[in-house]
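Engineer: First, the structure itself, so that you have it in front of you.
Written out as structure tokens, the structure is:
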């Protein structure tokens with residue numbers, strides 16, 4: 187009887203450990219899928235691209251076009267962290283209603299490190 191219990195426990199414990207690992211992996215994949223920010227294009231022509239982008243807390247945007255001049259007006263402000271290709275990090279606070287002009291520069295990834303939703307209205311010159 188002891189051998190049977192040891193055998194069953196020997197099978198069940200690794201099975202539960204693997205199931206837990208797969209569940210954690212699925213959660214990580216869900217978070218990664220959610221973390222990508224997709225702009226909602228409002229207008230696009232040969233001269234400009236106008237879009238709105240929303241960052242939930244923790245969201246990252248890896249698709250920023252840093253080679254064009256952009257005018258940004260936060261509809262809902264918050265704190266963003268910019269991470270450049272060389273590893274340098276910069277924290278910026280965007281205040282609702284205040285316009286910002288971003289000149290072309292090095293590529294970076296933006297992450298909402300605050301606890302509130304950030305919504306930006308962006309006009310990108312082509």
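In the working numbering, the protein residues as written are 187 to 312.
From the three backbone atoms N, C-alpha and C, an ideal C-beta is built for every residue, glycine too.
From residue 268 to residue 243, what distance separates their C-alpha atoms?
Structural biologist: Spanning the two alpha carbons is a distance of roughly 14 Å.
Engineer: What is the rounded straight-line gap between the Cα of residue 226 and the Cα of residue 306?
Structural biologist: If I take the Cα positions, the gap works out to 10 Å.
Engineer: Does the contact criterion of 3 or more C-beta pairs under 8 Å hold for the region 229-246 versus the region 283-292?
Structural biologist: Taking 8 Å as the limit for Cβ pairs, the verdict is that the region 283-292 does not touch the region 229-246.
Engineer: Apart from the five residues on each side of it in sequence, which residues of its chain come closer than 8 Å, Cβ to Cβ, to residue 275?
Structural biologist: The residues are 267, 268 and 269.
Engineer: Just to check my reading of the structure: residue 260 and residue 304 have Cβ atoms closer than 8 Å, yes? What is that Cβ distance to the nearest angstrom?
Structural biologist: The Cβ separation is near 7 Å, so the contact holds.
Engineer: Mind checking who residue 269 pairs with in its DSSP beta bridge?
Structural biologist: In DSSP, residue 269 forms a bridge with 275 and 295.
Engineer: Quick one, which of 255, 256, 254 and 279 has its alpha-carbon nearest residue 301's?
Structural biologist: The shortest C-alpha separation from residue 301 is found at 279.
Engineer: Among the residues of its own chain, which have a CB less than 6 Å from the CB of residue 258, if the five just before and after it don't count?
Structural biologist: Result list for residue 258: 286, 306 and 308, in chain order.
Engineer: I need the straight-line Cα distance from residue 222 to residue 294, nearest angstrom please.
Structural biologist: Distance between the alpha carbons of residue 222 and residue 294: 14 Å.
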